[in-house]
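For the sequence shown, the positions run 0 to 217 when numbering that gives the first Met the number 0 is used.
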Amino acid sequence: MINLDIENLNDVNLILERLEAHDRFIEAKIELFEEIDKIKNNNNTNRKNINKKKIPEIINKKEKKSILSNIINILNYVFPDYEFKYLNNSNYKYIKNINSVIDNINYNLFYIIENIYRGFNKKIWKILKELIDFKYCDVYTYLNDTDNDPYVDKESISSFNYFFFAKKNKRILFISCITKPKYKNHNDEDFNNIYMGIQDEPSINEQNEYYDEDSSFY
């Protein structure tokens with residue numbers, strides 16, 4: 000797996016990592032990763048053992064292992080000060096309703112930024128829909144179960160995290176948000192300079208636009 004360096008996401012993350020909004024301070028991240036196919040092993044030593052098992056079971060176990068491995072690798076990359084290697088399949092959850100996920104991201108993050116920078120919500124969804132096809136995504140969320148965790152903070156008001164596994168291009172979009180009480184001020188001019196830089200790029204197909212007034216994501 001590799002982390003894709005997307006210029007517009009870098010600009011957005013400069014805003015998200017140090018965002019103040021009224022009475023709260025938001026620490027958010029948006030990262031894009033791409034899976035790399037492993038070289039197939041031509042050794043057929045265990046073929047007989049594999050053939051004795053039910054194929055759906057093999058596929059299911061392999062898929063779960065891949066999901067967990069990707070989630071662990073992403074969390075370790077995004078939060079290098081924490082250790083996630085001991086996670087298991089009980090530490091993530093599949094989310095069926097992607098519209099509820101989008102609503103939560105909008106309500107707890109993008110709409111808050113929209114109140115500061117008009118047009119942000121529409122712009123960010125245009126950027127994201129260029130990167131993955133949300134119609135063909137499986138969505139998972141990480142479930143923490145330890146005190147040594149970025150999402151378990153005494154100062155935290157709320158938090159969420161989502162992994163969008165895009166099937167077509169084998170990409171994984173990670174969106175994370177941790178909200179804390181406001182405790183210090185930042186220079187608004189810095190935010191304006193960053194935001195104006197986002198306005199120019201990228202070129203977007205009109206069919207990929209997300210209209211925030213529509214109750215449905217698609």
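Built from N, CA and C at the ideal position, the CB exists for glycine as well.
Fair warning: this is a prediction, and the values are worked out from it, not measured in the lab.
A residue is called buried when at least 16 other Cβ atoms come within 10 angstroms of its Cβ; residue 160 meets this threshold and is buried.
Under the three-state reduction of DSSP, residue 64 is assigned to helix.
Cβ-Cβ distances below 6 Å link residue 20 to 111 in the same chain, with the five nearest sequence neighbours on each side left out; the list follows chain order. The three-state secondary structure of residue 168, taken from DSSP, is coil.
When secondary structure is reduced to three states using DSSP, residue 82 falls in the coil class, being assigned neither helix nor strand. Pairwise C-beta distances place the segment 128-140 in contact with the segment 160-174, as three or more of them are shorter than 8 Å. Residue pairing by DSSP places residue 159 opposite 176 in a beta bridge. Rounded to whole angstroms, the separation of the alpha carbons of residue 70 and residue 97 is 18 Å. For residue 72, same chain residues with a beta-carbon under 6 Å away, outside a window of 5 residues either side, are 0 in chain order.
Nearest neighbour of residue 171 by Cα position, chosen from 105, 127, 179 and 158, turns out to be 127. For residue 140, the beta-bridge partners assigned by DSSP are 92. Residue 84 has its alpha-carbon roughly 13 Å from the corresponding atom of residue 143.
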